[in-house]
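Numbering (my numbering), first residue to last: 4 to 118. Heads up, the beta-carbon is just placed ideally off N, CA and C, and yes, glycines get one too. Contents: one structure, followed by commentary.
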């Protein structure tokens with residue numbers, strides 16, 4: 004497992020350098036913290052689903068692997084991978100989602116949202 008953590012950290016470091024960091028639009032610190040948490044959760048969810056698609060094609064050892072227990076473990080493992088990748092900077096989805104959330108909050112405060 005230690006090797007996996009090192010690989011995830013290395014991938015996260017690489018990916019955080021690739022994505023451009025978006026500046027915060029406006030709002031108070033509390034709103035920005037909530038928006039950042041929501042954006043990070045969204046990116047973690049997105050990355051998890053992306054990795055689930057990647058791992059669907061990976062076969063398991065028939066003798067000691069596979070089955071329902073492995074499906075459950077793999078799901079939990081990929082969820083943690085997604086959270087860790089998002090925490091380390093992800094692929095840039097978080098920054099865009101956070102910017103959009105803050106823009107929508109600012110627009111709502113001004114009363115410009117149309118249904």
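Could you pull out every residue in the same chain whose Cβ sits closer than 7 Å to the Cβ of residue 63, ignoring the five residues on either side in sequence?
Counting only Cβ-Cβ distances below 7 Å, and skipping sequence neighbours, we find 69, 73.
Return the CA-CA distance between residue 34 and residue 87, expressed in angstroms with no decimal places.
Their Cα atoms are separated by approximately 23 Å.
Given this structure, state the Cα-to-Cα distance separating residue 31 from residue 108, to the nearest angstrom.
If you take the alpha carbons of residue 31 and residue 108, they lie about 11 Å apart.
Tell whether a beta-carbon distance below 8 Å holds between residue 97 and residue 46.
Taking 8 Å as the Cβ cut-off, residue 97 and residue 46 qualify as a contacting pair.
For the alpha helix (DSSP H) that contains residue 79, what are its first and last residues?
First-last of the alpha helix (DSSP H) with residue 79: 70-90.
How about residue 94 and residue 41: are their beta carbons less than 8 Å apart?
Against a cut-off of 8 Å, the Cβ pair of residue 41 and residue 94 comes out as no contact.
Run through DSSP, which three-state label would residue 51 get?
Here residue 51 sits in helix by DSSP.
Which residue wins for smallest C-alpha separation from residue 91, given the options 44, 37, 38?
Measuring from the Cα of residue 91, the nearest candidate turns out to be 44.
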